Structures are given as C-alpha cells and as structure tokens.
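Position one of the sequence shown corresponds to residue 488 (the working numbering), numbered consecutively onward.
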Amino acid sequence: MEKQQLLKFLILLCSGICLILGLLVILGWFIGNESWVQVHPSFAPMQFNTALGFCIFGTSTILILLDKKRAASTLAIIGGLLGLLTLAEYVFKMNLGIDELFMEAYITVKTSNPGRMAPNTALCFFLSGITSVLLLKGIKLIQLAGVLSTLVFTLGVIAFEGYLVNIEATYGWANFTRMAIHTAFGFIVLSLGITLLSWFKVRQYNSVNTKRIKTWFEGYAISILLALFVIDVGLPLGVAAGTLYVPLVLFGWYISNIRAIAILAVAATVFTWLGFVFSPSGSSLWVVIVNRSISVIAIWVTAYQLFHNKRKKLALELSEEVLQAEERFKRVVEFAPNSIILVDKEGTISMVNRETERLFGYDRKELIGNKQDILIAKDLEDQKVGEFFGSSSVDDMEGRDFIALRKDGTKVQVEIGLNPITINGAQMALATFIDVTERREQDKTIRKQMAELKLKNKELEQLAYIASHDLQEPLRTVSNYVQVIEEDFSRQLTPEMVKYFGSINRAIKRMSGLVRALLDFSRLGKDRKLEKTDCNSLVKNVVADLDNLIKETKTSIHVDKMPKLLTYKVELRQLFQNLISNAIKFRKEEAPSQIFIGCEETEESWRFSIKDNGIGIDQLNFVRIFHIFQRLHKNGKFEGNGIGLANCKKIAELHGGDIWVESEEEKGSVFYFTIANLSLQ
Ligand code: ADP
C-alpha cells in the first residue's frame, strides 16, 4: 500500500508540472512574456493550443486518479481531438481556424503556420488522448495505455535531445512548425505520469501479480535506444559515443525476460556501428574504429556481468519461493484435522503433525527418525508390516483399514491413505490416518439393523398372506350359515331380522373383499418377471379394457409417446390400470373428465404422469392416500377399498422408483411415478 501512496504522489507531481507549465505559457502569451513562451529567442515558441493541451491533460490525469470518469474522459477526448484536428490540418493542407482561435500568434519563430502546434506535438496529444481514455477501461486496455504512453515519451525525449545536441530533425519534421523545448519536456513528464497511472491502476486490480508491468520497460528501452542514437549522431565521430549504450544494456535488468539483456546488447552493437555511418566526421578512421570496437566490448562485458547477476537473482528468488512453498506445506500438514506422517522408502519417519501426536500418544521427538513399525500392531496376520510405505505398494494401500498401535499399547482401527511425493529428489510417502473405530462400529450397527428390518418385513408379509388366506375360511363358513338360516328359516324371520341379515351379508361381502385385497397386496410381485415392455401398447391395452367406462363417462384420454423398457410387465399394467381408473372414478360431476398420460426421461429414471381434471385431493392427504386401506370418501359416494394406491406404491418401488401426487382440490390431480432407467435399444 505504501508503494501505491508513492505512485499517487508521483502521478500528482507529473500532472501538476504539466498543468503549471501549460498555465505559465498561457499567461506568457497573454502578458507577452516571451521567455516563458519561447525559453530562448532562437527556439520555437510553445503554441497557445499546446499550452492549453498541457492544461487539459494535466487536469484529466488528476481526474482519472480521483476516479472522476466522466469529466476525465470528456477532457481527454477534447485534448485528443485538438491533436487529431491539427494533424488533419497538416495532412490535408487546410486551415480549420483552430490555430489562432484563442490567441493571435505574435511569435512565429520556426513556425510554418502561425499559431499551429508542431505535427509531432499534435501526434503526442492525440496519443495522450487515446491512452487517457484507455485508462478508464478494463485491465487489458489499461496495460495497453501504459505501453502507448512510452511512444509519447520517446517522441518527447528525442525532441528534447535535439535541442541539446543541436539536431533539428528530431524536434522539427520536414519544414513544419518545430516542437518547443519545454513542450518536449512537458511530454516526457506527461507520459511518465500516464505510465505511472496505468501502473497504479493495474496494482489496484491485482496487487500480487505485477509482473506484466515490468514488460512496459521494453517501451522505454526503445526510447532510450533512439535517444542515445540521437546523441551519438549529434556528436562528432571519434568521441567515445558508443559507450553511451552501456546504460541501455543496464536497463535490461528491469525487463522481466532475462534474454532482454542480450537483445539490448545486440541492438546497442548495431546502433554503435550505425552511428559510425551517420555521425559527422571528426578523428581519423582507425581511431574511430578502435573507439567503436572498445565501446562494443564494453557493452558485451556489461551484458555478460548483468546476465549472470540477474540469473543468480532469479535463482535466489526461486529458492525463496520454494522455501515459502515448503513452509506453507508444513503448516497445512501441521494443522490438518487428520494424522499425517512422512516416511521414506526405508520406512523411517521424517515428519509428523499435531494430530499424529494426539492419535498415537507419542511426542513428535519420539517418532521422528524412528521406523514406521512402532505404529503398527504386529500380532495381526493380514497386516503387511514394513513394506507398505514403499513406493511400489502405495496404490494398494489406498483407503485400507489396519490396526494401529498407540504408545500405551492400546489398538486403534485406522483407515490409511498414501500419497507418493518426491522431496529433494527422494521418493517419500505421505501417510494419512483416520481413526475409524467409531465409524466401523456404526457401520456394523447399521448393517445389523438393516438385516433385522429385512427379516421383520418378510415376517410381516408372510403374516399378511397367512392371515388373509386363513381368514377366507371362517368368513366362508359364516356366509354359508347365514345363507342356510335365510333359506331354511325364512318363514320364522321377522322383517327386522331380514334387515339385520341384509346388513350381515353386506359386511361379509365387504370383509371378504378386504381380505382378498390384502391377499393380493401381500402376493404382489411374488412371481414377478422382468420383461421387455412396449409401454405404448401396454397403456393402449389398459385403455381398451376400460373402454365401456370411458364411453359411459365421456372421458377423453391423451397418451404421449411411451418408451420401450425393461419392466415387471404384469405389475406395471396394474399400476397404470389403478391410476387411470382412479382418474375416471374421482371425476367431477359437472365436467367430462380429461386425462393426459405423459412420460419424460430424467437422468436416472423414467417419470410417468397421469393427470386428470377431477375432484382433486387436499394437500394434507398427499401421503396418507398411499397407505393401505386409506380412503378419503367413506360415505359410499365412490366405491373402493383403499388398497389401489398402496399397490401402486409397492409396484413403483419394485421398479426402483417412487410415486407421489400433486393436486389441488376441485382442480384435478397429477400422479407421478418413476421407474429405474433400464431402457432397451
Ligand atoms: P380406492 O380408490 O379404492 O378408494 P385408492 O388407494 O386407489 O383407493 O385411493 C385412495 C384414495 O385416494 C381414494 O379413496 C381417493 O380419495 C383418493 N384418490 C385416488 N386417486 C384420486 C384421483 N385421481 N383424484 C382424487 N382423489 C383420488
């Protein structure tokens, strides 16, 4: 964060300088102070528009820093347009009337068009406009802004130098207006401010990964290269100008790619000899050749040294990173919730964590350096002692249980997980132990309870079968005797007795129906057979069987396309029959019933639905109706014995599925059931 504060200060400093520079020159134009406008009577003046541009960009940079996006982008666009329109004036040889819009140009030294800023100045403003707008966008564009600003820097530096070494071509293009010396200085400062701002913004996005920033130095390296070339060309041959390139090679230190040093050294060598070609002649040829050769040697010696130092530094950083990673690894292991130990191929323990001390009751000093064997109960036959931390058996040991030995001699059942790892080139195994004594006990109890439950269920089914089967007999006897009495003693029977016998007969009939239903329920699925079933024809048959009822009740039935599945066909048919006949039975009197039978494939199953527009079911009864003998209408309005849906539930479960209902009273119901996805192709 401290670094961010420093960056903020530097950005404010750069933009402040630009702003003050601009204001001073504007003031100079107004009050006629030529030294502010021109610096030296023979230099080109800073045009009024240029000074205005510095005020605009100085302000917009501060505004970007303060995150005042709208105002900043408006200013940046105005500044950029100022540059672009001036460039257009040069390119299309026209006058847009902007040059002297605010101030009549009364100083015209080295000016091709009075009041018009130099073309390189216009280009710099245009680029600054683009970079400033980019700074307000996302991270990628902010980085691009940083790179683009180095272009402005380059133009500024070489123009500035042109004044120092007296080469006009670097600050004046063709015979157009020249860039003023303090304009060049202003662009150096402005571009630095923008680069720092992009740097600042990238750090805000991602304070850890700042690697990308360093690559922007490449842009500056090019600036320096060109700047040095200008100096070299500006000085007479023979002066040891080639050595100037040594700082360029040094700059390679700041570029993240280590190869940059070599690339810069090559570039410096090429430019040293280019300087030889373009510089004005001075000393004799052999002096120049010796001079340049010495420069090249100096460049390469520096590059070599730098390369080695940087390599060392990178290696050091890497080893520091490794150390930090190791430290992190140690902390993770130490505070892991399971016992972890690190052993080598010979089975010697080299690291243990807190949980290991707790689980085994040893102090870590007692374990480190000792063999793994002390943690293993040896009196058990199937414990492959000794070899199992070795790399070859690591995979076999994954998730295996074994009995471990505590310091106090007690045993503990643990599950072991082994991970082979290489530490400092040595094959090791990281063993994790989980105390599973309690879990295994629970597993045992659950297994026992499941077995008991299965047995009880079977007993219950048998009981239902026997009870219903055996109940038929006494019921038949009662029924027979009632019939005998009615036939043989009909004359003696009073009307009241006839009425009572009528009730007894109805009760017997009902009871016999219930007993038969119970018998069917307990038998359901006993002889089941898995068959390839075309559900289309199965549903069609069910509908055909119910044809009379359907016609009578004017019911319409729509059936979706059904799949071919592996099912218990007989039982599935019964399931459809129950649901469809219920949908007809529980219809509303006033409206003809409409039934939709649909089906949908889900990830693990097929889901069927039977939708009606009948009387519906209260939500309170959604579960109850699937229980045996549960009916919602006891007053005889709808016939039935309340076993149909219990059968359906049993059949759905036989198919590894489930059944449920969604309904609203008076609005109809949808019964859903699923069956496991065993589709046949
Ligand atoms: P039954 O039809 O012999 O009464 P079921 O087990 O088939 O027995 O149904 C239990 C109860 O669920 C029925 O008594 C009825 O109240 C309700 N029910 C079943 N299907 C529907 C339906 N499609 N619409 C409204 N209620 C229904």
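Note that CB positions come from ideal geometry on N, CA and C, so glycine has one too. Here the structure is a predicted model, which means the values were calculated and not measured.
Taking the Cβ of His1120 as the reference point, at least one heavy atom of the ligand ADP falls within a distance shorter than 7 Å.
By a beta-carbon distance limit of 8 Å, Asn1128 does not contact Ala1031. Their separation comes to about 25 Å.
Among the bridge pairs identified by DSSP, Ala749 is matched with none.
Relative to the non-hydrogen atoms of the ligand ADP, the Cβ of Asn1100 never comes closer than 7 Å to any of them. Within 7 Å of the C-beta of Leu1132 there is at least one heavy atom belonging to the ligand ADP. Taken atom to atom, the span from the alpha-carbon of Phe758 to that of Asn744 is near 22 Å.
Straight through space, the alpha carbons of Ile908 and Gly706 are spaced by roughly 44 Å.
The residues Asn536, Leu569, Leu572, Thr573 and Glu576, in chain order, have a CB closer than 8 Å to that of Ile585 in the same chain once the five nearest residues on each side in sequence are set aside.
Ala891 and Asn825 have their C-alpha atoms spaced approximately 14 Å apart. Within a 10 Å sphere around the beta-carbon of Phe704 sit 16 or more other beta-carbons, which makes this residue buried. Taking C-beta separations shorter than 7 Å and ignoring five residues to either side along the sequence, the partners of Phe1125 in its chain run Lys1072 and Phe1073, following chain order. Between the region 601-615 and the region 667-681, the count of C-beta pairs closer than 8 Å reaches three or more; the two stretches touch. Shown here, Thr932 sits in a helix according to DSSP, grouped into three states. For Thr981, no alpha helix (DSSP H) encloses it, and the DSSP letter there is neither H nor E. Nearest to Glu1149 by alpha-carbon distance, out of Lys797, Asp719, Phe1116 and Ile1104, is Ile1104.
Proximity to Thr548 across Glu591, Ile498 and Leu514 peaks at Ile498, based on C-alpha coordinates.
The C-beta distance from Ala749 to Ala785 rounds to 15 Å, too long to meet the 8 Å contact threshold. In this chain, the alpha helix (DSSP H) harbouring Lys1136 covers Gly1131 to Leu1141. Non-local beta-carbon contacts of Lys1016 in its own chain, meaning distances under 8 Å to residues more than five positions away in sequence, involve Tyr1055, Lys1056 and Val1057 in chain order.
In the displayed model, Gln534 falls within coil according to three-state DSSP, outside both helix and strand. Our two residues, Arg993 and Asn1134, have alpha carbons roughly 25 Å apart in a direct line. Counting along the chain, no alpha helix (DSSP H) covers Leu905; the unbroken beta strand (DSSP E) around it starts and ends at Lys898 to Ile910. In the DSSP assignment, Val777 falls within the unbroken alpha helix (DSSP H) covering Leu772 to Glu821. The secondary-structure analysis by DSSP pairs Glu1076 with nothing; it has no beta-bridge partner. By the C-beta density criterion, Glu842 is buried, having at least 16 other C-beta atoms within 10 angstroms.
Between the region 969-988 and the region 1035-1047, the count of C-beta pairs closer than 8 Å stays below three; the two stretches do not touch. Ile1115 is the residue among Thr561, Ile1115, Gly1123 and His1120 whose C-alpha sits nearest the C-alpha of Ile1130. For Gly1143, the closest of Gly1155, Ile1162, Glu1152 and Val1157 by C-alpha to C-alpha distance is Ile1162. Excluding its 5 nearest sequence neighbours in each direction, Asp888 has C-beta neighbours in its own chain below 8 Å: Gln900, Val901, Glu902, Ile903, Val923 and Arg927, listed in chain order. With 16 or more other CB atoms across the displayed protein chains lying within 10 angstroms of its CB, Val839 is buried.
Counting of Cβ neighbours within 10 angstroms places Glu648 among the buried residues, the total reaching 16 or more.
Per DSSP, His669 is one residue of the alpha helix (DSSP H) stretching across Ile668 to Tyr692.
The straight-line gap separating the alpha-carbon atoms of Leu801 and Trp740 is approximately 11 Å.
Closest option to Ser1024, judged by alpha-carbon separation, among Leu803, Lys1051 and Leu1033: Lys1051. Counting only runs that start and end inside the region 497-566, the alpha helix (DSSP H) elements of at least 4 residues fall at 521-525 and 535-552.
Going by DSSP, Leu1053 is part of the beta strand (DSSP E) stretching over Lys1051 to Tyr1055.
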